[in-house]
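In this note's numbering, the protein residues as written are 4 to 439.
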């Protein structure tokens, strides 16, 4: 039994799955490397208050991105594998129509409410109008990346992502270190980086991947996929970002800056799990189409092995970062080391979540997923508030771990209800094989 598992893993290493995973991982690791190179700079040139403003701006940007385009860019990946979509390029153009209409609405909304939003998120009102523009370009970038992911063009995916990352890195160095613009410099680097990458992505989409024809059926298909995902995405944001919002209310924007530094370090594990999932999801969909019980058993066995490895990586990364923390981070942010372990552990459960949620996407039952994620997000608010009151920024990190575990378990249960897999049978076979 063990030999068969090893052989199965060896076969995976020879497939396009592993090759794509390698490219995605290299791209994401470069992202992580650039972020880590920025940490010694930003934590020395920015104050915790400056870092907190940047964090709250990014939080609001994430909120904006949910409603601009109504999350229909996710349908671009799924539509590629759906026989109902006879003209893929036409479908992409209709997704962009949704983007144009929602962007106009969000821009008007922010223009009218900028003063209130400014006080709520502790960011200056004059930069709020940039958020709909960034949300527009971010949607365009994600749409092109979804096409490259679905068509297994990992190298092109990496070129777009790496180009944007390097541009933002260089602009941050210029604006923060050379021009001493502090938080304004970091935000300007993001604005220029995302906008330029978005323009390039739009030109590529327009030339190679669109046919300009209105199709209400495609619009309805995209909305049917995207709108039920909005509660799911909001729930995910409540899980990922409510900690900083609550820290800002309970403690202050300075604590947000300190917490965000520790959070960014702990996110290195998510870079690995997301990279793997980008390669794994298309591969999994193809294998599930075969409806082969033997392949399903092997997928489940591989998933359990993945669970073990991801927990092990969380522990190893914690001790690694603990050893080099004082070299990486400025003294003003030294308290950030208290949250790293909990963020890493939470992200390990997040990596496990990726391995079970794809079955729900496969059967296109995103409504049920939205219910679970929204429930988890709502649950996270009082839990984070109470633990932050009790334990400060550490309590917020502990809440992050708890809610990621909670979401993983509920999603696993739901995915098995919607698309049964031999989870228990594989455990029995492994146990029997190990005895034999």
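Beta carbons: idealized from backbone N, C-alpha and C, even for Gly.
Just so we're clear, the structure is a prediction, and the values are computed from it rather than from any experiment.
Residue i to residue j span [Cα, whole Å]
| i | j | result |
| --- | --- | --- |
| residue 116 | residue 109 | 11 Å |
| residue 371 | residue 339 | 36 Å |
| residue 439 | residue 152 | Only weak support exists for where residue 439 lies, its pLDDT of 45 falling under 50; the value from the coordinates is given anyway. Each residue's Cα considered, the two are about 41 Å apart. |
| residue 88 | residue 357 | 26 Å |
| residue 422 | residue 235 | 19 Å |
| residue 2 | residue 59 | The chain is shown only over 4 to 439; residue 2 falls outside these bounds and no answer can be derived. |
| residue 181 | residue 173 | 11 Å |
| residue 277 | residue 354 | 7 Å |
| residue 25 | residue 45 | 29 Å |
| residue 164 | residue 23 | 14 Å |
| residue 51 | residue 260 | 5 Å |
| residue 316 | residue 284 | 21 Å |
| residue 267 | residue 237 | 20 Å |
| residue 70 | residue 347 | 29 Å |
| residue 197 | residue 363 | 31 Å |
| residue 102 | residue 326 | 46 Å |
| residue 199 | residue 149 | 18 Å |
| residue 137 | residue 64 | 8 Å |
| residue 264 | residue 360 | 28 Å |
| residue 104 | residue 393 | 44 Å |
| residue 225 | residue 76 | 8 Å |
| residue 92 | residue 214 | 5 Å |
| residue 35 | residue 168 | 10 Å |
| residue 239 | residue 333 | 30 Å |
| residue 84 | residue 400 | 38 Å |
| residue 253 | residue 67 | 24 Å |
| residue 27 | residue 81 | 19 Å |
| residue 335 | residue 255 | 15 Å |
DSSP-derived helix/strand/coil call for residue i
| i | result |
| --- | --- |
| residue 332 | coil |
| residue 74 | coil |
| residue 213 | coil |
| residue 401 | helix |
| residue 366 | coil |
| residue 385 | helix |
| residue 85 | coil |
| residue 186 | helix |
| residue 395 | coil |
| residue 50 | coil |
| residue 59 | helix |
| residue 422 | coil |
Residue i, buried or exposed, once every other Cβ within 10 Å from all chains shown has been counted against 16
| i | result |
| --- | --- |
| residue 53 | buried |
| residue 114 | exposed |
| residue 289 | exposed |
| residue 94 | buried |
| residue 13 | Reliability fails at residue 13, whose pLDDT of 48 lies under 50, so the model's placement of it is uncertain and the value that follows must be treated cautiously. Classification of residue 13: exposed, given that the 10 Å Cβ count is below 16. |
| residue 417 | buried |
| residue 119 | exposed |
| residue 294 | exposed |
| residue 220 | exposed |
| residue 385 | exposed |
| residue 86 | exposed |
| residue 135 | buried |
| residue 396 | buried |
| residue 329 | exposed |
| residue 402 | buried |
| residue 281 | buried |
| residue 324 | buried |
| residue 212 | buried |
| residue 158 | exposed |
| residue 342 | buried |
| residue 57 | buried |
The alpha helix (DSSP H) enclosing residue i, as first and last residue numbers
| i | result |
| --- | --- |
| residue 154 | Here residue 154 belongs to no alpha helix (DSSP H), and DSSP marks it neither H nor E. |
| residue 251 | 232-253 |
| residue 506 | Residue 506 lies beyond the residue range present for the chain, which begins at 4 and ends at 439; the question has no answer from this structure. |
| residue 339 | Segment: none, residue 339 is in no alpha helix (DSSP H) and carries neither H nor E. |
| residue 119 | 91-124 |
| residue 177 | Run containing residue 177: none; DSSP gives neither H nor E here. |
| residue 131 | Unbroken run through residue 131: none, as it is neither H nor E. |
| residue 224 | 219-229 |
Beta carbon of residue i nearer than 7 Å to that of residue j
| i | j | result |
| --- | --- | --- |
| residue 242 | residue 406 | yes |
| residue 279 | residue 352 | no |
| residue 184 | residue 178 | yes |
| residue 42 | residue 232 | no |
| residue 55 | residue 257 | yes |
| residue 299 | residue 424 | yes |
| residue 245 | residue 387 | yes |
| residue 147 | residue 208 | yes |
| residue 222 | residue 367 | no |
| residue 194 | residue 273 | no |
Residue-chain proximity (residue i, chain D), Cβ-Cβ < 7 Å
| i | result |
| --- | --- |
| residue 284 | This model lacks chain D altogether; it includes just one protein chain. |
Residue i: CB within 6 Å of a non-hydrogen atom of the ligand ADP
| i | result |
| --- | --- |
| residue 90 | Looking at this structure, you won't find the ligand ADP or any other ligand, since it has none at all. |
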